[in-house]
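Peer 1:
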Amino acid sequence: MTAIKNNLSVFSNGDPANQPIIFVHGFPFDHNMWHNQINALSGNYFCLSYDIRGLGDSPVGDGQYTMEMFTDDLIKIIEAHKLKKPVLCGLSMGGYIALRVAEKKESLFSALILCDTKSGADNNDAKLKRAEGIKSINEAGVKTFAEGFIPNCFAEESIKKLGDGYRQILQKSSGFSQAGVKGCLLAMAGRTDTTGFLSGIKIPVLLICGEKDKLTPPHVMEEMEGIIPDSEFHIIPGAGHVTPLENPAVVNKIIKDFLVRKH
Ligand code: MLT
């Protein structure tokens, strides 16, 4: 079911009486990133996904975003759906949002699933790359930016394997609004570092990373596993940065096993 809640496009699948899971997508994608997981899990879980402000079907507004606005959006979705102790699952930018929202209100959640993400904030090089991205969008548009950014997110073998699916993703992202995509880049550049929170996390955390992830390589998440008390880390064979789309069979099994053990 699709609904507009707090001005965002929210998608729900499954029985609302079941344990809820909220899926937060990465950049510059939309909720469709999770379609394999939602298909696999919605028989037993109430699955909620949404399009982050400025991306997918959610409104762009003025494009002036902060990570705090993204976390407030997520809290409002939880409140609007009266979700009790959802599992929060985020990939990359979705993981930045998940970590920050858990840092602010950990008691809202029963577990975290963090895919291809990190707790560190942008260093100077990363900030300069964001600035280059914004310049490229201003000069050449979102399509050119997406064509430069997205291939780097996938393992080469996944691009071949996904074929038309990959081309559809690229086409969809290429059509996102300039203000929305630039707003997300600025929000990520300005986010806080959540590393200090990791050692104090009380809920169980599942960490997943693609073997060939160039943006957040496995060693980054392995370090997180070393710090988070109740955590486990899995490397996804053959996948780059977008593990849920690149190797859904393995990702689904790991998530299902984690949920059964922790719920
Ligand atoms: C993402 O996948 O959400 C982005 O690559 C994150 C980032 O650019 O830091």
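FYI, in the working numbering the residues of the sequence shown are 48 to 310. We put the beta carbon where it would ideally sit given N, CA and C, even for glycine. Please read all numbers here as calculations on a predicted model, not as lab measurements.
Could you check which residue in Glu269, Lys249, Leu245 has the C-alpha nearest to that of Cys256?
Peer 2: On the sequence shown, position 209 is the one that residue 256 refers to. Taking only the C-alpha atoms, the option nearest Cys256 is Glu269.
Peer 1: Put Val312 into one of helix, strand or coil per three-state DSSP.
Peer 2: This structure cannot speak to residue 312, because the chain is shown only from 48 to 310.
Peer 1: Verify whether the separation of the beta carbon atoms of Met271 and Leu253 is less than 8 Å.
Peer 2: Locating residue 271 in the sequence shown gives position 224, where the first residue counts as 1. Locating residue 253 in the sequence shown gives position 206, where the first residue counts as 1. No, the Cβ-Cβ distance between Met271 and Leu253 is not below 8 Å.
Peer 1: How about the segment 84-91 and the segment 294-304: do they share at least three Cβ pairs that are nearer than 8 Å?
Peer 2: yes
Peer 1: CB of His266 to nearest heavy atom of the ligand MLT: below 7 Å?
Peer 2: As a position in the sequence shown, residue 266 is number 219, starting the count at 1. Not under cutoff, so the answer is no.
Peer 1: Are there any heavy atoms of the ligand GDP lying less than 7 Å away from the beta-carbon of Phe74, as far as the coordinates show?
Peer 2: By its list of ligands, the structure shown excludes the ligand GDP, since it contains just the ligand MLT.
Peer 1: Ignore the nearest five residues each way along the sequence and tell me which others in Met116's own chain have a CB closer than 8 Å to its CB.
Peer 2: Here residue 116 refers to the residue found at position 69 when the sequence shown is read from its first residue. Closer than 8 Å at Cβ, skipping near neighbours: Arg100, Ala234.
Peer 1: Is Cys200 a contact residue of the ligand MLT, with contact defined as CB to any heavy atom under 7 Å?
Peer 2: On the sequence shown, position 153 is the one that residue 200 refers to. Under cutoff, so the answer is yes.
Peer 1: Taking just the CA atoms, how far does Leu95 sit from Gly61?
Peer 2: One-based indexing of the sequence shown puts residue 61 at position 14. One-based indexing of the sequence shown puts residue 95 at position 48. Near 9 Å, if we compare the C-alpha coordinates of Leu95 and Gly61.
Peer 1: Does the beta-carbon of Leu262, which I'm using as the reference point, lie nearer than 7 Å to any heavy atom of the ligand MLT?
Peer 2: As a working mapping, residue 262 is identified with position 215 in the sequence shown. At least one heavy atom of the ligand MLT is nearer than 7 Å to the Cβ of Leu262, so yes.
Peer 1: Quick check: does the Cβ of Ser139 come within less than 7 Å of any heavy atom belonging to the ligand MLT?
Peer 2: Here the question's residue 139 lines up with position 92 in the sequence shown. Within the cutoff, so yes.
Peer 1: For Asn294, count neighbouring C-beta atoms within 10 Å of its own C-beta (all shown protein chains included) and say buried if the count is 16 or more, exposed if not.
Peer 2: As a position in the sequence shown, residue 294 is number 247, starting the count at 1. Under this definition Asn294 is a buried residue.
Peer 1: Comparing the CB of Met114 with every heavy atom of the ligand MLT, is any distance shorter than 7 Å?
Peer 2: Here residue 114 corresponds to residue number 67 of the sequence shown, with the count starting at 1. No, Cβ of Met114 sits at least 7 Å from all heavy atoms of the ligand MLT.
Peer 1: Should His288 be counted as a contact of the ligand MLT given a C-beta to heavy atom distance under 7 Å?
Peer 2: In the sequence shown, the residue the question calls residue 288 occupies position 241. Yes, since a heavy atom of the ligand MLT falls inside the 7 Å radius drawn around the Cβ of His288.
Peer 1: Can you tell me whether Ser246 is buried or exposed? The criterion is at least 16 other CB atoms within 10 Å of its CB, across all chains shown.
Peer 2: As a working mapping, residue 246 is identified with position 199 in the sequence shown. When all chains shown are included, Ser246 counts as exposed.
Peer 1: Identify the residues that DSSP records as bridge partners of Ile282: which are they?
Peer 2: For the purposes of this step, residue 282 is identified with residue 235 of the sequence shown, where counting begins at 1. Partner residues in the beta bridge of Ile282, as assigned by DSSP, are Cys256.
Peer 1: Assign Asn79 to one of three DSSP states: helix, strand, or coil.
Peer 2: Taking the sequence shown and counting its residues from 1, one reaches residue 79 at position 32. Helix.
Peer 1: Kindly confirm or deny that the segment 153-166 and the segment 126-135 touch, where touching means at least three C-beta pairs closer than 8 Å.
Peer 2: yes
Peer 1: Should Met235 be listed as close to the ligand MLT, given that the test is whether its C-beta is under 7 Å from any heavy atom?
Peer 2: Locating residue 235 in the sequence shown gives position 188, where the first residue counts as 1. Yes; taking the cut-off as 7 Å, the Cβ of Met235 has a heavy atom of the ligand MLT nearer than that.
Peer 1: Which class does Ala149 belong to by DSSP, given the choice of helix, strand or coil?
Peer 2: As a first step, residue 149 must be located in the sequence shown, where it is residue number 102. It is helical.
Peer 1: Determine the extent of the alpha helix (DSSP H) in which Phe93 is found, giving its start and end residues.
Peer 2: Against the sequence shown, residue 93 aligns to sequence position 46. Segment 93-97 is the beta strand (DSSP E) holding Phe93; no alpha helix (DSSP H) there.
Peer 1: Looking at the strands, I want to know which residues DSSP matches up with Cys162.
Peer 2: Start at 1 with the first residue of the sequence shown, and residue 162 comes out as number 115. Under DSSP, Cys162 forms a beta bridge with Leu138, Ile255.
Peer 1: If you draw a straight line from the C-alpha of Pro67 to the C-alpha of Pro264, how long is it?
Peer 2: Locating residue 67 in the sequence shown gives position 20, where the first residue counts as 1. Locating residue 264 in the sequence shown gives position 217, where the first residue counts as 1. Spanning the two alpha carbons is a distance of roughly 29 Å.
Peer 1: For Val57, does the three-state DSSP call read helix, strand or coil?
Peer 2: Here residue 57 is taken as the residue at index 10 of the sequence shown, counted from 1. If DSSP states are grouped into helix, strand and coil, Val57 belongs with the strands.
Peer 1: How many angstroms separate the CA atom of Lys309 from the CA atom of Leu155?
Peer 2: Your numbering for residue 309 matches position 262 in the sequence shown. Your numbering for residue 155 matches position 108 in the sequence shown. A straight line joining the alpha-carbon of Lys309 with that of Leu155 spans about 16 Å.
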